[in-house]
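Enquirer: Here it is, the structure, as structure tokens.
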Amino acid sequence: MSPTHETANGGRRLVIVESPAKAKTIKGYLGPGYVVEASVGHIRDLPNGAAEVPAKYKGEPWARLGVNVDHDFQPLYVVNSDKKDQVKKLKELLADSDELLLATDEDREGEAIAWHLQEVLKPKVPVKRMVFHEITKDAIQNAVRNPRTLNQRLVDAQETRRILDRLYGYEVSPVLWKKVMPRLSAGRVQSVATRLVVERERERIAFRSAEYWDLTGTFAGQAGDASAGDPGTFGARLVSVDGRRVAQGRDFGPDGQLKDPAGVLHLDEEAARTLAAALENTDFAVRSVESKPYRRSPYAPFRTTTLQQEASRKLGFGAKATMQVAQKLYENGYITYMRTDSTTLSDTAVAAARSQVTQLYGSDYLPDKPRTYAGKVKNAQEAHEAIRPSGDRFRTPAETGLTGDQFKLYELIWKRTVASQMKDAVGQSVTVKVGGRSADGRDAEFSASGKVITFHGFLKAYVEGADDPNAELDDRERRLPQVAEGDPLRAEDMSVDGHATKPPARYTEATLVKELEEREIGRPSTYASIISTILDRRYVFKKGTALVPSFLSFAVVGLLEKHFGRLVDYDFTAKMEDDLDRIAAGNAEAIPWLRRFYFGEGAEGAEGAGGGPAAGGGDSAASAASAADSGNGDGDHLGGLKELVSDLGAIDARGVSSFPVGEGITLRVGRYGPYVEGPSEKEGEPGHRADVPDDLPPDELTVDYAKELLAKPSGDFELGTDPDTGRPIVARDGRYGPYVTEVLPEGTPKTGKNAVKPRTASLFRSMSLETITLEQALKLLSLPRVVGVDPESGNEITAQNGRYGPYMKKGTDSRSLESEEQIFTITLEQALEIYSKPKQRGRAAAKPPLKELGTDPQTERPVVVKDGRFGPYVTDGETNATLRRDDDPETITPERGFELLAEKRAKGPAKKTAKKTAAKKSTSAKKTTAKKTAAKSTAGKSTATKSTTAKKTASKSTAKKSTGTAKKAAGGSAAKKSASGGEDSGADA
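The opening residue of the sequence shown carries number 1456 in the working numbering; numbering runs sequentially from there.
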């Protein structure tokens, strides 16, 4: 070890963090005597599939789960192959160190990573836990001076969650495989989040639009003082007729219909116009003027979920992109830890914010006392600060040197933090009621409201966005003229306004995060990964910023609701979160809780070491299994998850994947996607079928559209018979586009050694199913076409169609063709001319963009859609982002294009992997290494054997927890901790 790593007393310290970026920043603050290295996320976890289960456990009935459910839910931890080199490196560094500092994040996940490091590395030197919530020189050095020990309570809490999610995912997911389609997944929070999105779409499907009309009058009194801001005239909306309130949008329910028809006056167009005509010459007067002080207090500093919501509203970031950018800001020392439930600021942060208020806005904007904010999150798990700029003096955005997305997110955090320590905004709000009697004797009353801000306070620095694009923001003023009760008014205009009720808005990432938090489902720090999971699993896709459930998610949620009702019940999931928090707080025992959840109350296997009721009352785990008797959980027998998934006979696979559309048409979710099926012509036989576009929002599948799909030509278009083979040639519309193929005789083997595959070819872009002929089909099936033989090399030159377009091939040398038609027209002479020219290694001439999307609000660069080698993509000239499967180049919105670019920028540039050169070892060195390996293996087996036989006590001994080694970390950053989502879908079980 280099002497530069020695401390004053000659000792050396090894500091381990999660990510290389974090290690690099911290290394600069510690100096000589410290070696800082990254674990690259989790170093061990439960096995991710059967291949990772050690051979000695493969025969165990619980090996599939990776949790010994019969032995106090003892977890089996393993190291993935791609982490072994890093573990080896850490062990080598530790061997030359005199002290180990575990400096992972100060939350459950970080504490668990630290514990796993200690278990795997087995240090023989003193071990200390180094914690901090910001990466600044003072914070890091203070953390070194004030270490603590590992918090076993946090470790146990994380492990309980991990085991619970594994049991849930690995037991419920196979049910979906058998009854819906393979490779699906279920998760404790994932499934509930999907249900929320599906239920909102059900509301949209059930919605029926209704019209309502009202009147808006423009009134004028005496001439106002324009110099004083008096507008003179003002608009007021009709609120009641003869004392009966006029129906407005808030009076209609999610189905679009009036909630209380008898309680309000519902005006149609005719009634509204008749009333407006009767009010034309009416004398109006001010009936009342109500003025009261307006006061608006600052918003609390950001926590994880409010940052995600506001970044979505103002910057167009998805939750995942927000956390990726925030992770970089944290690791590079710009902000405090970004996974927090707290809105509290430290005294240092308050002083820094107040100093900047005075400096930037003046002392008039600084309150006499620092502001404090009470936490709103129930059972907030960590004692972190709110998310704020790091340090004891906040850098202004201009001082940071940041650019792009990092600059924008830092600026958002900085503004919110400074504004939180400013004075209230104050002013006056006024409500004016105007009345008059129509020509036919009806009394009509109008109302207008206004707001004047006399002192903007914190609004000078920051105004929060709104989820509703039509909502009025806090800094908006509405001035009314100076009027008094009894003042006469004249109606300058009386307009009739028609409105139509709108279906409930779909969730966006921001509003789904808000909904999950309000329902107290899951942990706020996991919401970004949960949303990412349901998008990746194709349960949900995006239409602009809206989250749209797929038809597949309707089948999955329907099955879970009917047969596993309690597991996707919102209240049950929230209560389960409470139970896990009580375990974390030491008010309940993990093993009895898990036993009741898995085996059920009083069921066989529910008794044993550590049994007994959980402390604190209100244990929801036992109630999980009431769903074993009914979908709504009303049964008396409290069975557990194991019993719940054991009998699948009552689940009708076809039934859970079928949804009536109307007029005998049914939507079905098949293994290859959704399709509609018309009424059966003969009893017992399926009706006519037609594929449904994968990206069709479910509320748009109407009876008329289903009929349109069924009316389209589908199935096989028989074109004729191949005269050479005698086989029928058909054209088909496949999920990946139209194609032609030959029909093999019955009995032709399709699998095995003698299998025969039919010739198949995709149609050219210029062809269609309606016009293709047998002659064209046979030409397509004849490909590749031999153009001729190269006289110099003797190699055949062929022309064919490939994944990236038409091309020629000569041996291993390929050259692109300009068009698909050229495959059949190019001559040998033309081909030889192309091959005589040097192969273009660079890019070909740029193709024109497929679509222009406008200017990106973040980079202020023009964004276009282009067609690349690997498919269509969006670009601003600097960043490229491939379109997802559900993104159509022709219909993609500018907002969606900007979002894809924001996510790509947040990920940063792709890392290049250096090639490793295998070093040759001498025979003696190999023997020495083999001996060491054998010795370690023997020691490891001894430890594992002891761990397997030892019982898991409440204190969870080190011997028990040494079973196995670690898990593959996702992507190598703390932002990608393997269990950060708290979900184990079981998709690879």
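For glycine and all other residues, C-beta sits at the position ideal for the given N, C-alpha and C.
1) Among Gly-2266, Val-1533, Arg-2240 and Arg-1600, which one has its Cα closest to the Cα of Glu-1574?
2) If you compare alpha carbons, which of Lys-1714, Thr-1791, Val-1881 and Ala-1731 is closest to Arg-1750?
3) With a CB to CB cut of under 6 angstroms and the five nearest residues on each side skipped, what residues in its chain are close to Pro-2134?
4) Cβ of Gly-1999 within 9 angstroms of Cβ of Thr-2348?
5) Within a Cβ cutoff of 6 angstroms, which residues of the same chain sit near Val-1400, ignoring the five residues on either side of it in sequence?
6) Who are the near neighbours of Glu-1626 in its chain, counting only those whose CB is closer than 6 angstroms to its CB and skipping five residues on each side?
7) Kindly confirm or deny that the segment 1882-1892 and the segment 1726-1746 touch, where touching means at least three C-beta pairs closer than 8 angstroms.
8) DSSP on Pro-1748, reduced to helix/strand/coil?
9) Would you check if there are 3 or more beta carbon pairs closer than 8 angstroms linking the segment 1729-1739 to the segment 1842-1849?
10) With a CB to CB cut of under 8 angstroms and the five nearest residues on each side skipped, what residues in its chain are close to Gln-2277?
11) Alpha carbons only, please: which of Glu-1866, Thr-1649 and Ile-2289 is nearest the one belonging to Asp-1991?
12) Compare the beta carbon distance of Ala-2001 and Leu-1734 with 9 angstroms and say whether it is the shorter of the two.
13) Could you pull the DSSP bridge partners for Phe-2114 from this structure?
14) What distance in whole Å lies between the Cβ atoms of Phe-1528 and Leu-1914, which are believed to be in contact at a cut-off of 8 angstroms?
15) DSSP on Gly-2243, reduced to helix/strand/coil?
16) Could you give the DSSP three-state label for Ile-1842: helix, strand or coil?
17) Out of Lys-1579, Arg-1563 and His-1526, which has the shortest C-alpha to C-alpha gap to Glu-1547?
18) Kindly indicate which residue of Ile-2106, Arg-1692 and Gly-1704 has the alpha-carbon position closest to the one of Ala-1665.
19) Among Val-1696, Thr-1858, Leu-1971 and Glu-1972, whose alpha-carbon lies nearest the alpha-carbon of Asp-1895?
20) Would you kindly work out how many angstroms separate the C-alpha atoms of Leu-1452 and Lys-2030, rounded to a whole number?
21) Which class does Thr-1872 belong to by DSSP, given the choice of helix, strand or coil?
22) Taking contact to mean at least 3 C-beta pairs separated by less than 8 angstroms, is the segment 1706-1725 in contact with the segment 1903-1919?
23) Out of Ala-1806, Tyr-1816, Gly-1817 and Gln-1814, point me to the one whose CA is closest to Pro-1825's CA.
24) Can you check which of these residues, Tyr-1623, Arg-1659, Tyr-1484 and Ser-1628, is closest to Glu-1589 by C-alpha distance?
25) Measuring CB to CB, does Ile-1471 end up less than 9 angstroms from Thr-1559?
26) Out of Gly-2243, Gly-2094, Glu-2173 and Glu-1919, which has the shortest C-alpha to C-alpha gap to Ile-2184?
27) Just reading off the beta strand (DSSP E) that Pro-1852 is part of, what are its end residues?
28) Taking Ala-2161 as the reference, which of Val-1652, Gly-2117, Glu-2140 and Tyr-1512 has the closest Cα?
29) Within 10 angstroms of its Cβ, does Pro-2445 collect 16 or more other Cβ (buried), or is it exposed?
30) Distance, Cα to Cα, Asn-2256 vs Tyr-1792?
31) Given a cut-off of 9 angstroms on the beta-carbon distance, is the pair Leu-2022 and Ser-1646 in contact?
32) Whose C-alpha, out of Ala-1518, Thr-1777, Ala-1776 and Arg-1897, is nearest the C-alpha of Ala-1726?
33) Specify, as a first and last residue, the run of the beta strand (DSSP E) that Asn-1597 falls within.
34) Ala-2145 and Gln-2127 - do their beta-carbons sit closer together than 9 angstroms?
35) Which whole-angstrom value describes the C-beta separation of Ile-1842 and Pro-1756, a residue pair presumed to lie in contact below a C-beta threshold of 8 angstroms?
36) Pull the bridge partners of Glu-1589 from the DSSP assignment, please.
Expert: Based on what the coordinates show:
1) Counting from 1 along the sequence shown, the entry for residue 1574 is found at position 119. Of the candidates Gly-2266, Val-1533, Arg-2240 and Arg-1600, the one whose C-alpha sits nearest the C-alpha of Glu-1574 is Val-1533.
2) Position 295 of the sequence shown, counting from 1, holds the residue named residue 1750. Across the set Lys-1714, Thr-1791, Val-1881 and Ala-1731, the C-alpha of Val-1881 shows the shortest separation from the C-alpha of Arg-1750.
3) As a first step, residue 2134 must be located in the sequence shown, where it is residue number 679. For Pro-2134, where only same-chain residues beyond five positions count, the Cβ hits under 6 angstroms are Gly-2119 and Gly-2142.
4) Against the sequence shown, residue 1999 aligns to sequence position 544. Against the sequence shown, residue 2348 aligns to sequence position 893. Yes, Cβ-Cβ distance for Gly-1999 and Thr-2348 is below 9 angstroms.
5) In the structure displayed, the chain extends from 1456 to 2444; residue 1400 sits before or after that span and is not available.
6) The sequence position of residue 1626 within the sequence shown is 171, counting from 1. For Glu-1626, where only same-chain residues beyond five positions count, the Cβ hits under 6 angstroms are Leu-2096 and Val-2100.
7) The segment 1726-1746 and the segment 1882-1892 touch, with three or more beta-carbon pairs separated by less than 8 angstroms.
8) Your numbering for residue 1748 matches position 293 in the sequence shown. It is a strand residue.
9) no
10) What you label residue 2277 is simply residue 822 of the sequence shown in a count that begins at 1. Ala-2254 and Pro-2261.
11) Within the sequence shown, numbered from 1, the residue matching residue 1991 stands at position 536. Closest option to Asp-1991, Cα to Cα, is Thr-1649.
12) Here residue 2001 refers to the residue found at position 546 of the sequence shown. Here residue 1734 refers to the residue found at position 279 of the sequence shown. No.
13) Taking the sequence shown and counting its residues from 1, the one referred to as residue 2114 is at position 659. DSSP, once it has assigned bridges, lists Leu-2122 as partnering Phe-2114.
14) Here residue 1914 is taken as the residue at index 459 of the sequence shown, counted from 1. Here residue 1528 is taken as the residue at index 73 of the sequence shown, counted from 1. The pair is not a contact, with the Cβ atoms about 53 angstroms apart (cut-off 8 angstroms).
15) Taking the first residue of the sequence shown as 1, we reach residue 2243 at position 788. In the structure shown, Gly-2243 sits in a strand (DSSP, three-state: E or B).
16) Translated into positions along the sequence shown, residue 1842 becomes position 387. Ile-1842 falls in the strand class under three-state DSSP.
17) By one-based count along the sequence shown, residue 1547 stands at place 92. Nearest option by C-alpha distance: Lys-1579.
18) Residue mapping note: residue 1665 aligns to position 210 of the sequence shown, counting from 1. Nearest of Ile-2106, Arg-1692 and Gly-1704 to Ala-1665, Cα basis: Gly-1704.
19) Against the sequence shown, residue 1895 aligns to sequence position 440. When C-alpha distances from Asp-1895 are compared across Val-1696, Thr-1858, Leu-1971 and Glu-1972, the shortest belongs to Val-1696.
20) Because the chain here runs from 1456 to 2444, residue 1452 falls outside it and cannot be looked at.
21) Position 417 of the sequence shown, counted from the start, is the residue given in the question as residue 1872. Note: Thr-1872 maps to helix in three-state DSSP.
22) no
23) Mapped onto the sequence shown, residue 1825 falls at position 370. The residue with the shortest Cα to Cα distance from Pro-1825 is Ala-1806.
24) Taking the first residue of the sequence shown as 1, we reach residue 1589 at position 134. Here the closest residue by C-alpha is Tyr-1484.
25) The sequence position of residue 1471 within the sequence shown is 16, counting from 1. The sequence position of residue 1559 within the sequence shown is 104, counting from 1. Against a cut-off of 9 angstroms, the Cβ pair of Thr-1559 and Ile-1471 comes out as a contact.
26) For the purposes of this step, residue 2184 is taken as residue 729 along the sequence shown, with counting starting at 1. Of the listed residues, the one whose Cα sits closest to Ile-2184 is Glu-2173.
27) Here residue 1852 is taken as the residue at index 397 of the sequence shown, counted from 1. Taken as a continuous stretch (DSSP letters only), Pro-1852 belongs to no beta strand (DSSP E), being part of the alpha helix (DSSP H) at 1852-1855.
28) Here the question's residue 2161 lines up with position 706 in the sequence shown. Ranking Val-1652, Gly-2117, Glu-2140 and Tyr-1512 by Cα distance to Ala-2161 puts Gly-2117 first.
29) No information on residue 2445 is available, as it lies outside the stretch 1456 to 2444 that the chain covers here.
30) Sequence index remark: in the sequence shown, residue 2256 carries index 801 (1-based). Sequence index remark: in the sequence shown, residue 1792 carries index 337 (1-based). Roughly 52 angstroms between the two C-alpha positions.
31) In the sequence shown, residue 2022 corresponds to position 567, counting from 1. In the sequence shown, residue 1646 corresponds to position 191, counting from 1. Yes; because the gap between Cβ atoms is below 9 angstroms, this pair is in contact.
32) Within the sequence shown, the letter at position 271 stands for residue 1726. Answer by Cα proximity: Arg-1897.
33) Walking along the sequence shown from the start, residue 1597 turns up at place 142. Element bounds for Asn-1597: not the beta strand (DSSP E) but the alpha helix (DSSP H), 1592-1600.
34) Counting from 1 along the sequence shown, the entry for residue 2127 is found at position 672. Counting from 1 along the sequence shown, the entry for residue 2145 is found at position 690. The amino acid at residue 2127 is misidentified as Gln; the sequence shows Tyr. Contact flag unset, no.
35) Stepping through the sequence shown from its first residue, residue 1842 is reached at position 387. Stepping through the sequence shown from its first residue, residue 1756 is reached at position 301. With 8 angstroms as the limit, Ile-1842 and Pro-1756 qualify as a contact, their Cβ atoms being about 7 angstroms apart.
36) Start at 1 with the first residue of the sequence shown, and residue 1589 comes out as number 134. Paired residues: Thr-1791.
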